[in-house]
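First the structure, in the form of structure tokens, and then the observations on it.
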Amino acid sequence: MSSDRGGRQPPQQARQTRGGSRGGSRGGSRGGSRGALRGDVDADDMAADDDVGDMGEGGDVADEEEDVDDAEGSSDVDEPVEGSCSRELVTVVGPEKVHASWDAWVQYFTGYCERTMQVLPVKETMSRAEWNKRVLRSKKGYDDSLLLPEGIDPYQRTYICTHGWKKRKSREEGSRPRPYIRLTDCPFRFVIQWNVAKNSLQVKRGNFVHNHPVSARAFATYPSSRGLDSATVSARVEGMLPVGARRSRIYDYLLEHDQNVLQVDVDNMVRAHKASIVGGDDNEATA
């Protein structure tokens, strides 16, 4: 039987051709995207743990110069929050790279998070004492110019996305995720580090990519964006629970006192309170 009737392929052969093309395209695209993302995260993780052995002249890590060269004119105000988006990966504008002091950084960082609609907790902090210890035991030898003077503390902070905490982190390790945040292993992170030679803070090793939506609607769901991380709210809730107050009563009370809360916030705080008493796992609560 001829397979060239009217110039068309036999149905079975056509189906195989279409299936193979789709499978190869999807598999290659997905595999490449995931592989690139994992590579970025692994490389950044390793870079964040660099010791004094990677330090160059000038009192900081060797890759600092290229980070600082383009610092002038860097701004997060005039660019869109979602600079690009591909396969659910959202790229955001990073923070300005140079800051005069930790106080100046904290003031700037608060506004940056609000403008870009991100919740970015501190994952790790390196103190002045820890940094000086690393300098003293460096394999390249002791260099007095690398030691941090009095008044500069901490030396470095590592920031991540609130969705980037590792799941099932043990309590003993110190890094504990917020109990009401859905964890997605988000790769977003950056380091801000003191540069002794330039007497300023430098933002470095940035991976400004999220694997979840970044928008005003999503930002409004974070408890911290509604002030629920404040000591006042926590004290009120913890004071009402021991006397048997119901969740609905706590919710009404917070609303009466101008607290911008949702019912799910109260539910999550109650779960966290109970878990802290019985030592249970409070990861069940989500945003």
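full-length UniProt numbering numbers the first residue of the sequence shown as 1 and each following residue consecutively. Glycine included, each C-beta is placed from N, C-alpha and C at the ideal position.
Just checking my contact of residue i with residue j at CB under 8 Å: how many whole Å lie between their CB atoms?
i, j, result
"GLY164", "ASP143", "With 8 Å as the limit, GLY164 and ASP143 do not qualify as a contact, their Cβ atoms being about 34 Å apart."
"VAL233", "LEU254", "7 Å"
"TRP194", "ILE152", "6 Å"
Between which two residues does the alpha helix (DSSP H) containing residue i stretch?
i, result
"ASN132", "128-136"
"ARG115", "102-116"
"ARG189", "It is not in any alpha helix (DSSP H) - ARG189 instead sits in the beta strand (DSSP E) that spans 189-195."
"ARG217", "216-219"
At the level of alpha carbons, what is the spacing between residue i and residue j?
i, j, result
"GLY238", "ASN199", "Rather than Gly, the amino acid found at residue 238 in this sequence is Glu. In a straight line, the C-alpha of GLU238 is about 43 Å away from that of ASN199."
"CYS113", "HIS99", "16 Å"
"ALA220", "ARG247", "21 Å"
"GLN107", "GLY94", "16 Å"
"ARG128", "GLU96", "23 Å"
"SER145", "PHE109", "29 Å"
"LEU147", "LYS140", "14 Å"
"ASP267", "PRO242", "15 Å"
"ILE160", "LYS166", "11 Å"
"VAL203", "MET269", "34 Å"
"VAL88", "ARG137", "Correcting the residue identity first, residue 88 is Glu in this sequence and not Val. Distance between the alpha carbons of GLU88 and ARG137: 44 Å."
"MET240", "HIS212", "35 Å"
"LYS123", "ALA218", "22 Å"
"residue 288", "GLY111", "As displayed, the chain neither begins before 1 nor continues past 287, which places residue 288 out of reach and without an answer."
For residue i, report the span of its beta strand (DSSP E) as first-last.
i, result
"THR158", "156-160"
"GLY206", "200-207"
"LEU89", "89-91"
Going by beta-carbon coordinates alone, are residue i and residue j separated by less than 9 Å?
i, j, result
"SER205", "VAL196", "A small correction: the amino acid at residue 205 is Arg; Ser does not occupy that position in the sequence shown. In this structure, VAL196 does not lie closer than 9 Å to ARG205 by Cβ."
"PRO154", "TRP102", "yes"
"ILE250", "ARG271", "no"
Starting from the C-beta of residue i, find all residues in its chain whose C-beta is less than 8 Å away, skip the five residues before and the five after it, and write them out in chain order.
i, result
"GLU130", "TYR155"
"HIS273", "VAL237, GLU238 and LEU241"
Taking 6 Å as the limit between beta carbons, can you name the residues of its chain near residue i, skipping five residues before and five after?
i, result
"THR125", "PRO154 and ARG157"
"ALA245", "none"
Kindly list the residues whose CB is nearer than 7 Å to the CB of residue i, restricted to its own chain and excluding five residues on each side of it in sequence; keep chain order.
i, result
"residue 364", "Given that the chain is displayed from residue 1 to residue 287, the structure contains no residue 364 and the question cannot be resolved."
"ALA216", "MET117"
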